[in-house]
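When you line the sequence shown up against my numbering, it's residues 9 to 734, in that order. Idealized CB from N, CA, C, for every residue including glycine. Predicted, not measured: the structure shown is a model, and the values here were computed from it. Below: the structure, in structure tokens.
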Amino acid sequence: MAAPVPIPVPAFAEAQIQLLLREHEADVASSALANTAASVSPATRRALQATGHALTGLRLSQCRTGLGGRVVGEFVADPAVSSGKSQDENSERSSDGLGSHGIRVGDVVRVSDVSAGSGKKAGGKDKGKDGKDQKEKGGPEGVVVRVSEKSIRIAFGQQGKGGGPSKEEDEAIEELWEKKLWAYYEISQRCDAQTNEANHGENGKIPPDSLSHFMRVAFGHTTPLSPDYEAAGPIEFGDPTLNDSQKEAIRYALATKDIALIHGPPGTGKTHTLIELIMQLVQRKKRILVCGPSNVSVDNIVERLARKKIPVVRIGHPARLLPSVLDHSLEVLTHTSDPGLIVKDIRKEIDEKQASIRKTRTGRERRAIYDDLKQLRKEFRDREARCVNELVGGSSVVLATLHGAGGSQVTNQKFDIVIIDEASQALEAQCWIPLMSAEKVVLAGDHLQLPPTVKSANLKSKDKVGKGNTEKKYETSAEAKEILKSASLERTLFDRLLSLHGPGIKRMLTTQYRMHEKIMRFPSDELYESKLIAADSVKARVLSDLGDEVESTDNTIEPLVFIDTQGGDFPERAEDTEVDQKAVGMESRSNEMEAMVVARHVDELVDAGVKTEDIAVVTPYNGQKAILSKMLREKYPDLEIGSIDGFQGREKEAVVVSLVRSNEKHEVGFLGEKRRLNVAMTRPKRHLCVVGDSDTINRGSSFLKHWMDYLEENADLRFPDAGDLL
Numbered sequence: 009m010a011a012p013v014p015i016p017v018p019a020f021a022e023a024q025i026q027l028l029l030r031e032h033e034a035d036v037a038s039s040a041l042a043n044t045a046a047s048v049s050p051a052t053r054r055a056l057q058a059t060g061h062a063l064t065g066l067r068l069s070q071c072r073t074g075l076g077g078r079v080v081g082e083f084v085a086d087p088a089v090s091s092g093k094s095q096d097e098n099s100e101r102s103s104d105g106l107g108s109h110g111i112r113v114g115d116v117v118r119v120s121d122v123s124a125g126s127g128k129k130a131g132g133k134d135k136g137k138d139g140k141d142q143k144e145k146g147g148p149e150g151v152v153v154r155v156s157e158k159s160i161r162i163a164f165g166q167q168g169k170g171g172g173p174s175k176e177e178d179e180a181i182e183e184l185w186e187k188k189l190w191a192y193y194e195i196s197q198r199c200d201a202q203t204n205e206a207n208h209g210e211n212g213k214i215p216p217d218s219l220s221h222f223m224r225v226a227f228g229h230t231t232p233l234s235p236d237y238e239a240a241g242p243i244e245f246g247d248p249t250l251n252d253s254q255k256e257a258i259r260y261a262l263a264t265k266d267i268a269l270i271h272g273p274p275g276t277g278k279t280h281t282l283i284e285l286i287m288q289l290v291q292r293k294k295r296i297l298v299c300g301p302s303n304v305s306v307d308n309i310v311e312r313l314a315r316k317k318i319p320v321v322r323i324g325h326p327a328r329l330l331p332s333v334l335d336h337s338l339e340v341l342t343h344t345s346d347p348g349l350i351v352k353d354i355r356k357e358i359d360e361k362q363a364s365i366r367k368t369r370t371g372r373e374r375r376a377i378y379d380d381l382k383q384l385r386k387e388f389r390d391r392e393a394r395c396v397n398e399l400v401g402g403s404s405v406v407l408a409t410l411h412g413a414g415g416s417q418v419t420n421q422k423f424d425i426v427i428i429d430e431a432s433q434a435l436e437a438q439c440w441i442p443l444m445s446a447e448k449v450v451l452a453g454d455h456l457q458l459p460p461t462v463k464s465a466n467l468k469s470k471d472k473v474g475k476g477n478t479e480k481k482y483e484t485s486a487e488a489k490e491i492l493k494s495a496s497l498e499r500t501l502f503d504r505l506l507s508l509h510g511p512g513i514k515r516m517l518t519t520q521y522r523m524h525e526k527i528m529r530f531p532s533d534e535l536y537e538s539k540l541i542a543a544d545s546v547k548a549r550v551l552s553d554l555g556d557e558v559e560s561t562d563n564t565i566e567p568l569v570f571i572d573t574q575g576g577d578f579p580e581r582a583e584d585t586e587v588d589q590k591a592v593g594m595e596s597r598s599n600e601m602e603a604m605v606v607a608r609h610v611d612e613l614v615d616a617g618v619k620t621e622d623i624a625v626v627t628p629y630n631g632q633k634a635i636l637s638k639m640l641r642e643k644y645p646d647l648e649i650g651s652i653d654g655f656q657g658r659e660k661e662a663v664v665v666s667l668v669r670s671n672e673k674h675e676v677g678f679l680g681e682k683r684r685l686n687v688a689m690t691r692p693k694r695h696l697c698v699v700g701d702s703d704t705i706n707r708g709s710s711f712l713k714h715w716m717d718y719l720e721e722n723a724d725l726r727f728p729d730a731g732d733l734l
């Protein structure tokens, strides 16, 4: 392989900043809440809740002090709304339930008074650090801690700074009492953080002599060093279930001196492999920083390491962590240590002070309490901080999200190796947060599945980088402009390193433990060089093998079903009337007749004895997702209905895929993205049912044509009658 062409690091950083700024602009442009805050119309609020972006008709029922001194507010359904007395919000919910919505634990939301206009009642004194009143910004911002049918809990505080609310935030939270409220997704701040990380040094100029060896490898200034298997020493694998490809990946990762890519196709045990690698490194007295792009990806590793009795420290906002890993979080470990006993007393005092606010009669008394709270929270954080260095510094394995790795708890620590899981789903700028001083790196992922979601990738070609305020924020050199011609945020570090240094730095896992062989065969042949092998335990299993409660039917004995809706009886339609697209920043398509076919197939599976929690219905379009939810949600509350993109990394016993597209022009849109289809077709274990119009789909691309050909030859082929559905 030819020597890689060196990439100028300062220019690359500049280009990344421009792309991140463009992404931020796209993020803001996609949200009607960017400038309107709480002044959006009731119809828009209902549309936002219908599409999962908001939760309306709330009231604050109680507050308490949570981890880190944060105020946790519990919000329930407003009786005036749930009883139908208010026409302002959705009155279809149950008497005390919140109704359906898409807000989940870990989401960043803002809570606003529905009756307040944007900044209309804002005073001029209570400004935040950014100069904006909390009311002007639409109310206090927090992280969702818990969601149930009847309530939602939100932790308020300085996000990412490990502290409780400021005085202004305290006052904003108090303003929520006795108000009609709603909560909505805050505009993503991810690009701001990543831009700051990418902008290392003045204007992104990184001195060449400051580049670590890994950075020189990463940008093609030198080639990777040869792996030293002898220096890695003999390996006694602790997990007897590891297959040969997993063992080889671990041997290579231990022997390499700078970089290793572990390519884990669906179901091949990538995380399983990483756990054994981490244990081998711990045995070798190495310090390891483990990161991932999402909290779920990191918590999954924490759970598995905990079962192996490996002591770990998980850094991250407690509200975003899975309950099963909280005992390993830095904040909980801090509180459960000996100095943490004193912290409990301070927390109790904070709660008492917080509760006394509502009993005050004058503004002077209230301000005095806020001042006391500020001092108490400072003492609270100081005592916590005394434990942090000892806990993190004494741990062999520290885990954080890529963004969380930029916190002070991590940046001052030295690690022997950095491992990034799901690296093919992370923006490159995210990855550089923990990698700036790394000497050895292991990236694990699958670059043949969906890359990170990038909103700016869908901008029209006339919308150039630097449009709007971007150029005012940051000037771009000629070198950076040249890089921008072929640059994209969708190209991950995993992709770029593989392209730069070739397959020699990669080890692929080849035995998959998820899918029936007939489900696996097409993606293996088309995307994975026919290298995937179905393990004996999964290669022939079908739904009827689940247990005596599942009957043997045409569906439960078939691993692969294709319901071909070819013809004009199942037309798609653009979603342009039911939802305020401008408000929710989305454009979608649906196919109601095809949804009926999907619903009937789900009925047949359930009638045969398959549990609804073992079934998933996925589709590439939110419009179709909404229709399917309307048809199936009430009947099967445990049935999972979602987008293909949102189901990446998941699995179910049975998956029904609704392709939607059916039109005379044979247009398939973003359905033509083979990585998206790869996700869809590799989620099921025992049963995959594809519903779509082969006449439209097979003309979308050569990949789609090959898929349709494979289904026609290998699947149980069925042709629905539209008349039977009506």
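Asked                                                                                                                    : Found
Three CB pairs or more closer than 8 Å across the segment 230–243 and the segment 406–422                                : no
Reduced DSSP category for isoleucine 354 - H, G, I as helix; E, B as strand; rest coil                                   : helix
Residue environment, threonine 739, which counts as buried when at least 16 other CB atoms sit within 10 Å               : For the chain, the structure presents residues 9 to 734; residue 739 sits outside this window and is missing.
Length of the line joining the Cα atoms of threonine 231 and glycine 650                                                 : 43 Å
Start-to-end residues for the beta strand (DSSP E) that takes in isoleucine 428                                          : 425–428
Unbroken alpha helix (DSSP H) run spanning leucine 712, endpoints                                                        : 710–722
Stretch pair the segment 690–702 + the segment 556–574: three plus CB contacts closer than 8 Å                           : yes
Rounded separation between tyrosine 536 and glutamine 383 - CA only                                                      : 59 Å
Endpoints, the alpha helix (DSSP H) within which threonine 419 is located                                                : 416–419
Any alpha helix (DSSP H) of 4 or more consecutive residues that is wholly inside the segment 252–312                     : 252–263 and 278–291
In DSSP terms, what lysine 316 is bridged to                                                                             : Bridge partners of lysine 316: none, in fact.
Unbroken alpha helix (DSSP H) run spanning threonine 704, endpoints                                                      : 702–705
Straight-line gap, leucine 334 to leucine 341 (C-alpha atoms, nearest Å)                                                 : 9 Å
Any non-hydrogen atom of the ligand ATP closer than 7 Å to alanine 607 Cβ                                                : Absence of the ligand ATP from the depicted structure is noted, as is the absence of any ligand whatsoever, leaving it without description.
Continuous alpha helix (DSSP H) stretch holding tryptophan 185: start and end                                            : From DSSP, tryptophan 185 is part of no alpha helix (DSSP H); its letter is neither H nor E.
Complete beta strand (DSSP E) runs within the segment 642–692 (minimum length 3 residues, chain order)                   : 648–651 and 660–666
Delimiting residues of the beta strand (DSSP E) encompassing glutamine 70                                                : 62–73
Same chain only: Cβ atoms within 8 Å of glutamate 557, ignoring 5 sequence neighbours per side                           : Gly617
Within 8 Å, strictly: CB atoms of lysine 514 and leucine 269                                                             : yes
For glutamine 574, the three-state DSSP class (helix, strand or coil)                                                    : coil
Euclidean distance between Cα positions of serine 560 and isoleucine 652                                                 : 28 Å
DSSP three-state assignment for alanine 408, whether helix, strand or coil                                               : strand
At least 3 beta-carbon pairs within less than 8 Å: the segment 415–426 vs the segment 447–454                            : yes
Close-in-space but distant-in-sequence residues of the same chain around arginine 154 (CB under 6 Å, 5 per side omitted) : Arg161
N- and C-terminal bounds of the alpha helix (DSSP H) containing alanine 486                                              : 486–492
Alanine 738 vs valine 663 beta-carbon contact at 8 Å                                                                     : This structure cannot speak to residue 738, because the chain is shown only from 9 to 734.
Status (buried if at least 16 other CB within 10 Å, exposed otherwise) for arginine 622                                  : Note that residue 622 is aspartate in the sequence shown, not arginine. Aspartate 622 is buried by the Cβ-count criterion.
Residue burial classification, glutamate 284 (beta-carbon count within 10 angstroms, cutoff 16)                          : buried
Host beta strand (DSSP E) of isoleucine 623 (start-end)                                                                  : 623–627
Contact check, isoleucine 296 vs serine 404, beta carbons under 8 Å                                                      : yes
Simplified DSSP assignment, three categories, for methionine 516                                                         : strand
Beta-ladder partner(s) of serine 120, from DSSP                                                                          : Trp190
Euclidean distance between Cα positions of glutamate 398 and methionine 287                                              : 22 Å
Span separating the alpha-carbon of lysine 361 from that of alanine 51                                                   : 39 Å
Nearest neighbour of tryptophan 440, chosen from Ile365, Ala226, Pro511 and Leu250 [CA to CA]                            : Ala226
For leucine 451, the first and last residue of its enclosing beta strand (DSSP E)                                        : 449–453
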